[in-house]
Amino acid sequence: MINKNIILITMILLLIGSISGADLPPIIDLYYIKFNYTSGTTNDAIDIRINNSTDISVPEWYPSYSRNEKIAYKKSQSNRKIKAKFYVYNGPINNMKVYANHSGGWGNINEGTVTFNGSAYSSEALLTFSGTTPSSVGKRYLALIWYITEIDGEPIADTYIHDSGFHAYYTLLDDPVSPMQEPWTQVLDYTCSWASGQTTNSGTIKKITEGAYNNIGKTYYGGDSHTYAQNFYLTNFFSENYADCQDMSAVVQTFSNAVGISNVKVRRVLGPFYTQYILPIGTSNWLYSIEWGIHQFSYYNNKVYDAVLKLWDPIRIPTAEGIYNNYYYDLFLSGTWNLLTPTAYTNVY
């Protein structure tokens, strides 16, 4: 979308120029920015999508299409690059130099050269961020304030041309892991809020487990599940208000995968068995001696992360607990406890 003020200024300058015969200064605008412009994460942003059915379009910032998509980076990365295109309204010019200051981000855009070669639209300029991406998980916002410093080899006073943003961006621990190798923003909005400020795998999984129990908005129902075999039907899970233990173990596994944590498993217990005091997700009354045919929890580094319940004495959401330490004794009352080998969900829909 062309800035109306720029059009007005251009018309005024054209009128003045036609009257005086004077040369007009070029009027230049920022056209679009690509943050995830190539595969991999060596230089640019991570490939993410909105949900299972909707990808994120590139360029992510494209005002002509009212587009300002979310972006994601690994933590503690330097020399992140973007590709930017510019437009000159009353050229021609051959080249210019630009840079951008930041607000709310991790670094400025270093000065770089933009080439027009007589066209109104520039080539895509490869430009580099100064600084390093934040060192912890989180969702943050970045604005870039753009300036020109030189036109066709002639230095000029730093001249403001445009703001871009605010760009919402996530920072992840590492490259996302299958089956969330292309994370959904629906997932990252939860995960990067719950685990904001975390720098380790174990700390992040703990916060995901607690956040899922407390804030995902589901109520326990053991009669149905959004999982089948190694499939997690996350789209359906988001659209409905109930969850069981298989769902919540899948949440912890796949949400952890989305921020770059590998080797997160789920582990099932075959019963039937009766429970000690438990407070299932989304409920307010403690239950005792409830019969469960199966139970399933998330499992990482030989520790339990169980997002479907609280245990009693002490009252807690089980995180980073050994199975046969307090977890087993505080959950199992009587019956059969047949612990199966760890497995993982391999598909998310």
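Residue numbers (my numbering): 663 to 1011. Here a beta-carbon is modelled for each residue, glycine too, at the ideal position from N, C-alpha and C. Just so you know, these numbers come straight off a predicted model, no measurement behind them.
Chain-order list of residues whose beta-carbon lies under 7 Å from that of residue i (same chain, five-residue window excluded)
i	result
N713	W846, Q848 and T897
F900	Q848
K1013	Residue numbering for the chain in the displayed model covers 663 to 1011; residue 1013 lies beyond these limits and cannot be assessed.
Residue i - containing beta strand (DSSP E), residue span
i	result
N757	N757 to S765
K732	Taken as a continuous stretch (DSSP letters only), K732 belongs to no beta strand (DSSP E), as it is neither H nor E.
E983	T981 to E983
K696	I690 to K696
P942	I940 to P942
V966	K965 to Y967
T790	A787 to T790
L971	L971 to L973
Coarse secondary structure for residue i, derived from DSSP in three states
i	result
Y751	coil
S726	helix
Q958	strand
A819	strand
A905	strand
E844	coil
F778	coil
W856	helix
V926	coil
Y1011	coil
A684	Low confidence applies here, because A684 scores a pLDDT of 41, under 50, leaving its location unreliable; read the following figure in that light. Note: A684 maps to coil in three-state DSSP.
D851	helix
S646	In the structure displayed, the chain extends from 663 to 1011; residue 646 sits before or after that span and is not available.
F899	helix
V799	coil
Y809	strand
V931	strand
A746	strand
A1006	coil
N987	helix
S701	coil
S996	strand
S911	helix
I952	coil
D825	strand
L883	According to the sequence provided, residue 883 is Tyr. The question's Leu does not apply to it. Three-state DSSP puts Y883 in coil, outside helix and strand.
6 Å Cβ shell around residue i - same chain, five flanking residues per side excluded
i	result
Y939	W948, Y950 and W974
C854	V799, G800, K801 and Y832
E872	I979
D851	none
C907	H957, Q958 and V970
Q739	T795
G780	P754
Nearest-angstrom Cβ-Cβ length linking residue i and residue j, presumed shorter than 8 Å
i	j	result
M910	A874	6 Å
T775	K759	6 Å
K745	E812	Incorrect: roughly 20 Å between the Cβ atoms, too far for contact.
T866	V921	6 Å
P841	Y1007	6 Å
H1053	I733	This structure gives no information on residue 1053, because the portion of the chain shown stretches from 663 to 1011.
G769	F791	5 Å
Y749	D691	5 Å
Start and end residues, alpha helix (DSSP H) containing residue i
i	result
E872	N863 to N877
L993	Y990 to L993
Cβ-based neighbour list, residue i, same chain, cut-off 8 Å, excluding 5 preceding and 5 following
i	result
E773	K759, V760, Y761 and T811
S798	K737, T833, S858, G859, Q860 and T861
E844	D709, I710, R711 and P838
T916	P841, M842, V849, F894, L896, Y1007 and V1010
N705	N741, R742 and K743
P1004	K927, V928, R929 and Y961
T889	Y895, Q908, D909, A912 and Y1007
S996	F935 and Y936
Where residue i falls, given that 16 or more other Cβ within 10 Å makes a residue buried
i	result
I818	exposed
P796	buried
E731	buried
E816	exposed
A684	Its pLDDT being 41, under 50, A684 is placed unreliably in this model, and the value from its coordinates should be taken loosely. Looking at its Cβ environment, which holds fewer than 16 other Cβ atoms inside 10 Å, A684 is exposed.
A969	buried
P721	buried
A891	exposed
Y822	exposed
I977	exposed
L826	Reading off the sequence, residue 826 comes out as Ser, not Leu. So S826 ends up on the buried side.
Y644	The displayed coordinates of the chain run from 663 to 1011. Any statement about residue 644 would go beyond what the structure contains.
Y967	buried
Y693	buried
Short CB-CB distance (under 8 Å) between residue i and chain D
i	result
Y890	Among the chains of the structure shown, chain D does not appear; only one protein chain is present.
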